[in-house]
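Those letters in the sequence shown? Residues 2 to 124, per this note's numbering, in order. All C-beta atoms in this analysis are idealised placements derived from N, C-alpha and C, irrespective of residue type, glycine included. Below is one structure; the comments refer to it alone.
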Amino acid sequence: MNRTRGTTLVTVIVSIAILAVALASAASVFISAAKLAKHAANVTSAASFAESVMERVRSQPFASMESADVERGLPNLPGVRCEIAVASPEPGLKQITVTCSWTEGANPYNVRYSTLAAGGHTP
């Protein structure tokens with residue numbers, strides 16, 4: 002009878018250990034999923050901001066389009082920095098590139114949009 006009780010106790014302890022390992026693994030998966038969801042939200046916010054900066058530049062008169070730096074904190078992404086680069090590959094054409102950068106922990110990330118704008122007159 003004592004042997005049966007000892008075996009039952011060992012079985013319960015082993016079962017609890019297996020359950021603890023399974024719960025720790027599940028918690029790890031949920032934590033990773035939460036980090037990925039936050040990163041996806043940050044990328045979406047930065048991309049939306051980059052698009053709005055791009056549209057602001059494109060709405061300017063052709064001659065006024067120029068390179069600049071924009072620094073702005075977004076509600077869920079403080080410290081995002083956008084660089085506007087305007088190049089003229091040929092007369093009457095400007096290439097506009099908006100690059101927004103931010104950090105999450107120690108990791109740097111960025112999104113980049115580029116477009117061409119035509120205007121002015123060509124000789």
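Local Cβ density within 10 Å of Ala-25, reported as buried at 16 or more and exposed below that: Exposed, because fewer than 16 other Cβ atoms sit within 10 Å of the Cβ of Ala-25.
Would the beta-carbon of Leu-78 fall within 8 Å of that of Ala-51? No, Cβ-Cβ distance for Leu-78 and Ala-51 is not below 8 Å.
DSSP three-state assignment for Leu-117, whether helix, strand or coil: Strand, per DSSP.
For Met-2, which of helix, strand or coil comes out of DSSP? Caution applies to Met-2, whose pLDDT of 48 falls short of 50 and renders its modelled position unreliable; the model cannot decide the point.
Please name the residue, chosen from Trp-103, Ala-119 and Ser-89, that lies closest to Asn-43 on a Cα-to-Cα basis. Measuring from the Cα of Asn-43, the nearest candidate turns out to be Trp-103.
Under a three-way DSSP split, which group does Asn-108 fall into? DSSP, read as helix, strand or coil, puts Asn-108 in strand.
As a quick exercise: from Ile-97, Asn-108 and Ser-49, pick the residue whose alpha carbon is nearest that of Lys-36. Residue Asn-108 holds the alpha-carbon nearest to the alpha-carbon of Lys-36 among Ile-97, Asn-108 and Ser-49.
Count the CB pairs spanning the region 13-30 and the region 51-69 that are closer than 8 Å, and state whether there are at least three. No: the two stretches stay apart, fewer than three of their Cβ pairs being nearer than 8 Å.
Assign Glu-52 to one of three DSSP states: helix, strand, or coil. Reduced to three states, the DSSP call for Glu-52 is helix.
Rounded to whole angstroms, what is the Cα-Cα separation between Ala-119 and Ser-65? Roughly 13 Å separates the two Cα atoms.
By the 10 Å Cβ neighbour count, where 16 or more other Cβ atoms means buried, how is Val-81 classified, buried or exposed? In the assembly as shown, Val-81 is a buried residue. Its beta-carbon has 16 or more other beta-carbons within 10 Å.
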